[in-house]
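*Asks:* A single structure is presented below for examination.
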Amino acid sequence: PVSATISAFAAQWNGMASAKFIAALLKKGVKVRYAEQPFSAQGINFEKGTLIITRTSNTSFGNTLEEIIKEVAQSSGQRYFPLQSGFVEKGFDFGSDRVRIIHAPKITLLAGEGVSSLGMGEIWHFFDAQLNYPINIVWVNDLNKNVLKETDVLIMPDGNYRFLSDK
């Protein structure tokens, strides 16, 4: 089949569509990379920040990878390009250290005493309704080392955080 000759997929960053695209892929466990520098492949110029999904990094999906990418791209409005090789005409090949993997971040959003409920709600809505990406909501009083150990990104909405002035 023709799709068997595809070794990677590239999606140029396109604002919100790309954010939804990567959020959905990461939730499904797809390994996504990004290009630190512009590159050219199959006569197409790609900017830095282009998202790259390689078959070799996602062998656990077998033949379903292409269908997953197609489905996620349609639902997010993201355009992508199937590529026949991880080797590029200009720039860094996909195996290079200039093409970095994106790890799905574990995000914690603070809420509660001293936190702007409007700011917190806006951020929560963005992740929940627009990106459809899971976040952990923690009350300020429950923030501790164990929560922070499980957190890659801590979002502190507008607020008055007493614990910041504590010693």
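Heads up: take any position in the sequence shown, counting from 1, add 9, and you land on the working numbering. Heads up, the beta-carbon is just placed ideally off N, CA and C, and yes, glycines get one too. Being a predicted model, the structure only gives us computed values, none of them experimental.
Okay, do the segment 116 to 125 and the segment 35 to 53 touch, 3+ Cβ pairs below 8 Å being the bar?
*Replies:* With the cut-off at 8 Å, the segment 116 to 125 and the segment 35 to 53 do not touch.
*Asks:* Reducing DSSP to helix, strand and coil, say where A138 ends up.
*Replies:* Counted from its first residue, the sequence shown places residue 138 at position 129. DSSP places A138 in helix when its eight states are reduced to three.
*Asks:* Could you tell me which uninterrupted beta strand (DSSP E) segments, each at least 3 residues in length, are contained entirely in the segment 45 to 131, listed from first to last along the chain?
*Replies:* Taking only runs of at least 3 residues, the beta strand (DSSP E) segments lying wholly in the segment 45 to 131 are 48 to 50, 53 to 55, 60 to 63, 90 to 92, 108 to 111 and 116 to 120.
*Asks:* Any chance the segment 77 to 96 sits against the segment 13 to 25, with 3 or more Cβ pairs inside 8 Å?
*Replies:* With a cut-off of 8 Å, the segment 13 to 25 and the segment 77 to 96 count as touching, because enough Cβ pairs lie within range.
*Asks:* Measuring CB atoms only, is the segment 136 to 150 touching the segment 71 to 81, in the sense that at least three cross pairs come out at less than 8 Å?
*Replies:* Taking 8 Å as the limit for Cβ pairs, the verdict is that the segment 71 to 81 does not touch the segment 136 to 150.
*Asks:* Closest to S148 by C-alpha separation, out of Y142, T117, E159 and F55, would be which residue?
*Replies:* Here residue 148 corresponds to residue number 139 of the sequence shown, with the count starting at 1. Note that residue 148 is Trp in the sequence shown, not Ser. Residue T117 is the option with its Cα nearest to W148.
*Asks:* Might you give, ordered along the chain, the residues of its own chain that have their beta carbon closer than 8 Å to the beta carbon of Q93, omitting 5 neighbours on each side?
*Replies:* Counted from its first residue, the sequence shown places residue 93 at position 84. The residues are T14, I15, S16 and Q51.
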